[in-house]
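First the structure, in the form of structure tokens, and then the observations on it.
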């Protein structure tokens with residue numbers, strides 16, 4: 002998942018009483034009608050919310066039209082999307098099943114303006130509004146120091162963004178964190194990477210740490226043991242692993258958790274995430290307890306002398322839920338007020 006170029010603040014129109022916010026992922030689209038709440042701690046009020054399966058619709062225009070029905074139409078919409086938003090309003094991404102164009106959505110749905118922001122940039126804007134009841138604490142202190150906060154999540158790809166507090170309000174840095182080369186540590190991980198290199202010259206982090214990445218791990222584990230894969234989806238692999246009904250699925254999910262821990266440790270050091278790490282995305286909430294019992298924390302801290310520094314950074318799993326739409330709306334409100 003890659004960074005976007007959101008519209009400059011000076012071109013954003015005055016915020017309407019209500020507007021649309023959408024979170025477009027590789028599998029689902031979450032849509033909400035929202036408005037400013039007037040509460041600085043929780044600036045977005047969600048008036049209406051629905052979740053759609055991408056495969057059931059021809060594109061975002063069809064989804065927004067269904068959401069709005071025959072009722073009154075807001076003039077503005079902000080879309081959090083995986084991919085790289087170009088100046089012409091189109092998005093370059095390998096993770097969506099259909100093309101996405103802001104200008105086309107405007108024309109199809111009858112909206113005055115559609116803005117696009119990187120999906121995990123949006124989630125980072127919502128990080129400060131996370132409900133404590135939806136959080137699983139994995140390691141580190143309960144309370145974080147003031148500093149940059151890293152938001153990471155595997156889903157159809159791997160998204161990440163950095164929330165940076167400043168004297169003039171927070172700044173969010175979108176990243177290309179899923180695209181660097183995957184770093185293997187164990188003999189099994191190295192064998193898996195070598196197997197994956199048969200099909201590609203570059204094995205990226207999200208080739209292993211994502212939904213499709215979990216399938217890559219599962220197929221590689223089966224191949225290395227001379228077995229034919231029998232499971233056909235990430236959900237099937239996670240279900241079989243957690244139920245302990247398939248040894249290859251369990252081994253794949255164990256590798257997934259270990260690689261995730263090691264990668265998050267690297268990212269926390271790269272970005273100086275003293276303010277904490279929030280793990281979101283579509284996969285982790287489904288495997289919360291499995292992740293907690295895995296080698297995730299051990300691998301996260303396995304950074305030589307810097308393990309002591311990482312131990313001071315809280316790492317938490319958060320329910321993705323409405324984070325994308327709330328974050329997109331928060332971004333829009335902040336840009337509009339600038």
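Numbering (the working numbering), first residue to last: 2 to 339. C-beta atoms are modelled at their ideal positions from N, C-alpha and C, and glycine is treated no differently. Because the structure is a prediction, the values reported are computed rather than measured.
Query                                                                                                                                                                                     : Result
How many angstroms separate the CA atom of residue 122 from the CA atom of residue 24?                                                                                                    : 11 Å
What's the C-alpha gap between residue 16 and residue 186?                                                                                                                                : Model confidence at residue 16 stands at a pLDDT of 47, short of 50, so the residue's coordinates are unreliable; what they give is reported in the following sentence. Going from the Cα of residue 16 to the Cα of residue 186 covers about 49 Å.
Does the region 91-109 come within contact of the region 277-293, defined as at least 3 CB pairs closer than 8 Å?                                                                         : no
So within the region 149-236, which uninterrupted alpha helix (DSSP H) runs reach at least 4 residues, ignoring any that extend past its ends?                                            : 188-197 and 212-225
Excluding five sequence neighbours on each side, which residues of the same chain lie with their C-beta closer than 8 Å to the C-beta of residue 181?                                     : 205 and 206
Which residue's Cα is closest to the Cα of residue 128: 21, 266 and 153?                                                                                                                  : 153
Just reading off the beta strand (DSSP E) that residue 49 is part of, what are its end residues?                                                                                          : 45-54
Tell whether a beta-carbon distance below 8 Å holds between residue 45 and residue 80.                                                                                                    : no
For residue 215 and residue 238, which I take to be in contact (beta-carbon distance under 8 Å), what is that distance rounded to the nearest angstrom?                                   : 6 Å
Could you please give me the residues that DSSP links to residue 138 through a beta bridge?                                                                                               : 317
Around the Cβ of residue 396, are there at least 16 other Cβ atoms within 10 angstroms (buried) or fewer (exposed)?                                                                       : One cannot answer for residue 396 here, as it falls past the ends of the chain, which runs 2 to 339.
Looking only at DSSP bridge pairs, what is residue 78 linked to?                                                                                                                          : 21 and 115
Measuring only the C-alpha atoms, how far is residue 55 from residue 307?                                                                                                                 : 42 Å
Please state the DSSP three-state secondary structure of residue 288.                                                                                                                     : helix
Classify residue 97: buried if its beta carbon has 16 or more other beta carbons within 10 angstroms, exposed otherwise.                                                                  : buried
Might you give, ordered along the chain, the residues of its own chain that have their beta carbon closer than 6 Å to the beta carbon of residue 146, omitting 5 neighbours on each side? : 275
Looking at residue 265: is its Cβ nearer than 8 Å to the Cβ of residue 316?                                                                                                               : yes
With distance defined between alpha-carbon atoms, name the residue in 52, 21, 219 and 184 nearest to residue 203.                                                                         : 184
Alpha carbon to alpha carbon, how far is residue 51 from residue 298?                                                                                                                     : 34 Å
Can you tell me which residues form a DSSP beta bridge with residue 102?                                                                                                                  : 91
Keeping to the same chain, check which residues put their C-beta closer than 7 Å to that of residue 272; ignore five residues upstream and five downstream.                               : 149, 151 and 163
As a quick exercise: from 256, 155, 221 and 22, pick the residue whose alpha carbon is nearest that of residue 353.                                                                       : One cannot answer for residue 353 here, as it falls past the ends of the chain, which runs 2 to 339.
Against chain B, does residue 65 count as a neighbour if the rule is that its beta carbon must be under 8 Å from one of theirs?                                                           : No chain B appears in this structure, which consists of one protein chain only.
Would residue 169 be called buried (16 or more neighbouring beta carbons within 10 Å of its own) or exposed?                                                                              : exposed
Return the chain-ordered list of same chain residues with a C-beta closer than 6 Å to the C-beta of residue 63, the five sequence neighbours on each side being excluded.                 : none
Could you tell me which of 256, 244, 243 and 210 sits nearest to residue 223, measuring between CA atoms?                                                                                 : 256
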